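Everything below concerns the one structure shown next.
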DNA sequence: ACGCACCCGATTTTT
DNA sequence: TCGGGTGCGT
């Protein structure tokens, strides 16, 4: 048997003996029980702020130190790289040894790793590319054009979501009916299968493939499955409530041999239903693993009692949940403050006023504040006021660095060098910078590659054989080919560093000089971004000298913004409720509490949707340690137009004794410093039910463009009523009542 | 093939 | 409001 001692001897590590007390002393009794129960299936229900990460890290440390489990035999899966790194760091700190061999990472990165090793069996090469959303859409668009389906006005984006949904659910496309689909099922299947084939031809996988192909691998090659099943004696899963069908299946497969599976999660924090997360996975854990032990972590160490009570009063409106209630030894603390404002700018000003007030009174830093919102677009008004006020801020998320055009362009070159079969990348760069190779020419080459069943790159190699292309165009294609070939060779020889390779390439392409000539603000920005990319590559190589360009690209593909968010800066954090998960701040603002925005209108029609919005609120509220503010703006610009809204139903669900209401900020131009601040009229929350429900299921209506139809369901209150109508001509549609002129026929 | 101008459309969340 | 996509003119 392997032991840490043996391993340490081999590696020359130093082992610091730790007493039993030191490892478990910082745990409360439930936490300790959860840590010590290592065998069999374990469900650890960890409420927000109840020490979830602490239990996970101590459990791993406990396994290694006390149960003498070899780190190689532990598999720990998280959703974000940040969580994975944090976990690793904390375990290393507990044990005081480096954990090089432990399998700890995100689902996607861990299975990518397994696939890199084994995918030849499935007909992929180990250097496969990972396609992000934009790449996937580009591929689908190509297929639509290629199949002459352009006339059908198919939306590549929604097609991608469908494909993603099907893959995440781990079902075949024939099993899904999209009632309101604009295209016929047959066409959809055709596109689906072509998409899948084309991915493989390009030696590429999308995010779902990383999991789906792993399942294929395990099913088709039992010996491979057996290898990993035997290897991983202990499996730990973080944020189990966010697992989707694929992840669920993989966990189940991998744990079959040893049955030692510990999952940690909180059903109340399941907020990724839209990307396939299935809350049933955690709710049904007991049935899936009948001999499991359950541990409930309900003591919260983060928030004041008032904050917890607010969070609980919202979440207890959900029916589909496991009953539990967080408690704390902390003081009730300050009441939660609700701020009602006229519009988004006022809302932002009020927030900033509060921030400055809090800083003065409680000696806080800007970094102690987080402003949370439902949609990224909301950050703009807040940013504007923060800028005016000269306050530093960081927007977490938003336009992602690696999705910027200039970055994707450069990366497409690198991806081509790693995997010349990647047709999507080649298509992207074949005429960037402009070489006089136009859309028609590209189509011809593509057709040639399909006809001869070769990759786009091979087709370019054989360009001479394509007769319909003019010789002038051919020569620029050959020039492009020569360029790629040259760098492929340079890379192959391996005597230049990656950083050198990339910067010479960019130099030869003349991208920076071209952008400099343009001289616009945007081009200068692009130059900065490309420079930053180069720095990033350099950093990566310096930090990981043994890793290659392939590794770098994988890292880029699987990274998120929260991962590289610099928390050291003394700045106010602006982020969506989703990206706030797992974080905490002394003071938190939840903004935009209006019907249609939070809860978001698209998520208001079914109970499941609404319950997820409620969980999102719960996540947001439980981020706050000391003080929570809620805010609404009665008027908000939407699509460039002013719309007036009503206060979120969530405010009605809150226990009013826990909240203090301020209705303020009438003036458009506020001088924050001289702002006198008096709570004024008491706001009435319940927005009555005048002219309630003339619209009921079964009523016949007429819509100006869709024609006649029958109302199927009615959701939302009277101000934001959403009707699901089955139209005679166009099928089922969701209609927001106030945006259309609906006539009642009968 | 490329650039410009205009128009339209969209705005949830992300590994 | 802003950005992308389309379509037209060169």
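Numbering (this note's numbering), first residue to last: 836 to 1581.
The beta carbon of each residue, even a glycine, is placed where N, CA and C say it ideally should be.
The model shown is predicted, which means the values in this text are computed figures rather than measured ones.
| query | CB-CB under 7 Å to residue 1406, same chain, minus the five flanking residues each way: which ones, in chain order? | reply | Translated into the one-based positions of the first chain, residue 1406 becomes position 571. 1201, 1202, 1227, 1228 and 1229, listed in sequence order.
| request: Run the CB neighbour count on residue 1125, radius 10 Å, all protein chains shown included, and call it buried at 16 or more, exposed below. | output: Position 290 of the first chain, counted from the start, is the residue given in the question as residue 1125. In this structure residue 1125 is exposed. Its beta-carbon is surrounded by fewer than 16 other beta-carbon atoms within 10 angstroms.
| task | Provide the residue(s) that pair with residue 1206 in DSSP beta bridges, ordered along the chain. | result | Against the first chain, residue 1206 aligns to sequence position 371. Note: residue 1206 sits in a beta bridge opposite 1409 and 1424.
| query | At which residues does the alpha helix (DSSP H) containing residue 1337 begin and terminate? | reply | Taking the first residue of the first chain as position 1, residue 1337 is located at position 502. Note, residue 1337: alpha helix (DSSP H), 1333–1344.
| Same chain, Cβ closer than 8 Å to residue 1105, five either side skipped, listed in chain order | Walking along the first chain from the start, residue 1105 turns up at place 270. So the qualifying residues of the chain are 1076, 1077, 1112, 1114, 1117, 1447 and 1450.
| With 16 as the cutoff for other CB atoms within 10 Å, does residue 1459 come out buried or exposed? | Stepping through the first chain from its first residue, residue 1459 is reached at position 624. Residue 1459 should be labelled buried.
| said: Suppose contacts are defined by Cβ-Cβ distances below 9 Å. Is residue 1132 in contact with residue 879 by that definition? | reply: The sequence position of residue 1132 within the first chain is 297, counting from 1. The sequence position of residue 879 within the first chain is 44, counting from 1. Result yes, Cβ atoms of residue 1132 and residue 879 sit closer than 9 Å.
| said: Three Cβ pairs or more, each shorter than 8 Å: is that satisfied between the stretch 1251–1258 and the stretch 1214–1223? | reply: no
| said: At 4 residues or longer, what runs of the alpha helix (DSSP H) sit wholly inside the stretch 968–1036? | reply: 968–981, 991–1003 and 1020–1036
| message | With distance defined between alpha-carbon atoms, name the residue in 1392, 1271 and 956 nearest to residue 1312. | response | For the purposes of this step, residue 1312 is taken as residue 477 along the first chain, with counting starting at 1. Per the C-alpha coordinates, the member of 1392, 1271 and 956 positioned closest to residue 1312 is 1271.
| said: Which residue wins for smallest C-alpha separation from residue 1153, given the options 1183, 1457 and 1452? | reply: For the purposes of this step, residue 1153 is identified with residue 318 of the first chain, where counting begins at 1. Closest by alpha carbon: 1452.
| field | Other residues of its chain near residue 1505: CB distance less than 6 Å, five sequence neighbours each side excluded | value | Here residue 1505 refers to the residue found at position 670 when the first chain is read from its first residue. The pLDDT assigned to residue 1505 is 35, lower than 50, so where the model puts this residue is not dependable, and the model offers no usable value.
| message | Runs of 3 residues minimum, wholly inside the stretch 1419–1472: which ones carry the beta strand (DSSP E) assignment? | response | Entirely contained in the stretch 1419–1472, the beta strand (DSSP E) runs reaching 3 residues are, in chain order, 1420–1425 and 1459–1468.
| Are residue 1300 and residue 1315 touching if we call contact CB-CB under 9 Å? | Translated into positions along the first chain, residue 1300 becomes position 465. Translated into positions along the first chain, residue 1315 becomes position 480. Cβ atoms of residue 1300 and residue 1315: not closer than 9 Å.
| query | If we call anything under 9 Å between Cβ atoms a contact, is residue 934 one with residue 893? | reply | Against the first chain, residue 934 aligns to sequence position 99. Against the first chain, residue 893 aligns to sequence position 58. Contact check for residue 934 against residue 893 fails: the beta carbons are separated by 9 Å or more.
| said: Helix, strand or coil, according to DSSP, for residue 912 in the structure here? | reply: Indexing the first chain from 1 puts residue 912 at position 77. Strand, per DSSP.
| said: Just verifying my parser: in three-state terms, what is the DSSP assignment at residue 1496? | reply: Position 661 of the first chain holds residue 1496. Correct three-state label for residue 1496: strand.
| said: According to DSSP, simplified to helix, strand and coil, what is residue 1231? | reply: Numbered from its first residue, the first chain carries residue 1231 at position 396. Note: residue 1231 maps to coil in three-state DSSP.
| message | Applying the 10 Å Cβ sphere with the 16-neighbour rule, what's the burial state of residue 938? | response | As a position in the first chain, residue 938 is number 103, starting the count at 1. Label assigned to residue 938: buried.
| CA-CA distance, residue 1455 and residue 1295? | The sequence position of residue 1455 within the first chain is 620, counting from 1. The sequence position of residue 1295 within the first chain is 460, counting from 1. For residue 1455 and residue 1295, the distance between alpha carbons rounds to 52 Å.
| said: Runs of 4 residues minimum, wholly inside the stretch 1076–1149: which ones carry the alpha helix (DSSP H) assignment? | reply: Complete alpha helix (DSSP H) runs here, min 4: 1080–1090, 1115–1118 and 1120–1123.
| query | Among 1150, 1139 and 1157, which residue has its Cα nearest to the Cα of residue 1129? | reply | Residue 1129 sits at position 294 when you count from the first residue of the first chain. Of the candidates 1150, 1139 and 1157, the residue whose Cα lies closest to the Cα of residue 1129 is 1157.
| said: Just to confirm my understanding: we take residue 1053, look at its own chain, exclude 5 residues before and 5 after, and list those with CB closer than 7 Å. What are they? | reply: Taking the first residue of the first chain as 1, we reach residue 1053 at position 218. Taking C-beta separations shorter than 7 Å and ignoring five residues to either side along the sequence, the partners of residue 1053 in its chain run 1059, 1060 and 1088, following chain order.
| request: Mark residue 923 as exposed unless 16 or more other C-beta atoms lie within 10 angstroms of its C-beta, in which case mark it buried. | output: Taking the first chain and counting its residues from 1, the one referred to as residue 923 is at position 88. Buried is the call here.
| said: At the level of alpha carbons, what is the spacing between residue 1143 and residue 881? | reply: On the first chain, position 308 is the one that residue 1143 refers to. On the first chain, position 46 is the one that residue 881 refers to. If you take the alpha carbons of residue 1143 and residue 881, they lie about 14 Å apart.
| message | Pairs of beta-carbons, one from the stretch 1155–1171 and one from the stretch 900–914, closer than 8 Å: are there three or more? | response | no
| query | Just curious, the alpha helix (DSSP H) that residue 1058 is in, first and last residue? | reply | Within the first chain, the letter at position 223 stands for residue 1058. It spans 1057–1066 - the alpha helix (DSSP H) in which residue 1058 sits, taken as one unbroken run.
| query | According to DSSP, what are the bridge partners of residue 1174? | reply | Walking along the first chain from the start, residue 1174 turns up at place 339. Residue 1174 is bridged to 1466 and 1497.
| request: Answer yes or no: do residue 1127 and residue 1434 have a C-beta to C-beta separation smaller than 9 Å? | output: As a first step, residue 1127 is located in the first chain; it is residue number 292 there, counting from the start. As a first step, residue 1434 is located in the first chain; it is residue number 599 there, counting from the start. No, they are not a contact pair.
| message | Closest to residue 1336 by C-alpha separation, out of 1192, 1431, 1276 and 1245, would be which residue? | response | Translated into the one-based positions of the first chain, residue 1336 becomes position 501. Nearest to residue 1336 by alpha-carbon distance, out of 1192, 1431, 1276 and 1245, is 1245.
| Cβ-Cβ distance between residue 1194 and residue 912 below 9 Å | Here residue 1194 corresponds to residue number 359 of the first chain, with the count starting at 1. Here residue 912 corresponds to residue number 77 of the first chain, with the count starting at 1. No.
| message | Taking the beta strand (DSSP E) that residue 1476 belongs to, which residues open and close that run? | response | Position 641 of the first chain holds residue 1476. Looking at the DSSP string, the run of the beta strand (DSSP E) that includes residue 1476 is 1476–1479.
| query | Cβ atoms of residue 862 and residue 890: under 9 Å apart, would you say? | reply | Translated into the one-based positions of the first chain, residue 890 becomes position 55. Translated into the one-based positions of the first chain, residue 862 becomes position 27. Taking 9 Å as the cut-off, the beta carbon of residue 890 is found closer than this to the beta carbon of residue 862.
| query | With 16 other CB atoms within 10 Å as the buried threshold, where does residue 1377 fall? | reply | Indexing the first chain from 1 puts residue 1377 at position 542. Counting Cβ neighbours within 10 Å, residue 1377 comes out exposed, since fewer than 16 surround it.
| residue 966 lies in the alpha helix (DSSP H); which residues open and close that run? | By one-based count along the first chain, residue 966 stands at place 131. First-last for residue 966: 964–966, but that is the beta strand (DSSP E), not the alpha helix (DSSP H).
| task | Just list the beta strand (DSSP E) runs in the stretch 859–905, keeping only unbroken ones of 3 residues or longer that don't cross its boundaries, in chain order. | result | 877–881
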